[in-house]
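In full-length UniProt numbering, the protein residues as written are 1 to 63.
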């Protein structure tokens, strides 16, 4: 179709997309994610280190 949606993309393409709303993780959620990831990777990490990395993740990114 030649019709475009308000987003500037063809309507038929927009119909096939999944729109996922994302939010910034809070410090508690960041620490939980880090703890789970450390467990999966079999890495021992103490609470102070998790808290520090949680703060870093809030300011930047942990990718």
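Using N, Cα and C, we set each Cβ at its ideal position, and we do this for glycine too.
{"query": "Starting from the C-beta of residue 45, find all residues in its chain whose C-beta is less than 7 Å away, skip the five residues before and the five after it, and write them out in chain order.", "result": "38"}
{"query": "State yes or no: is the C-beta of residue 50 within less than 8 Å of the C-beta of residue 31?", "result": "yes"}
{"query": "Go to residue 63, then tell me how far its alpha helix (DSSP H) extends in each direction, as first and last residue.", "result": "First-last for residue 63: undefined, no H or E at that position."}
{"query": "So, for residue 58: in the same chain, excluding its five sequence neighbours on each side, which residues have a beta-carbon less than 7 Å away from its beta-carbon?", "result": "27 and 30"}
{"query": "Excluding the 5 residues flanking residue 34 on each side, which residues of the same chain have their C-beta closer than 6 Å to its C-beta?", "result": "50 and 53"}
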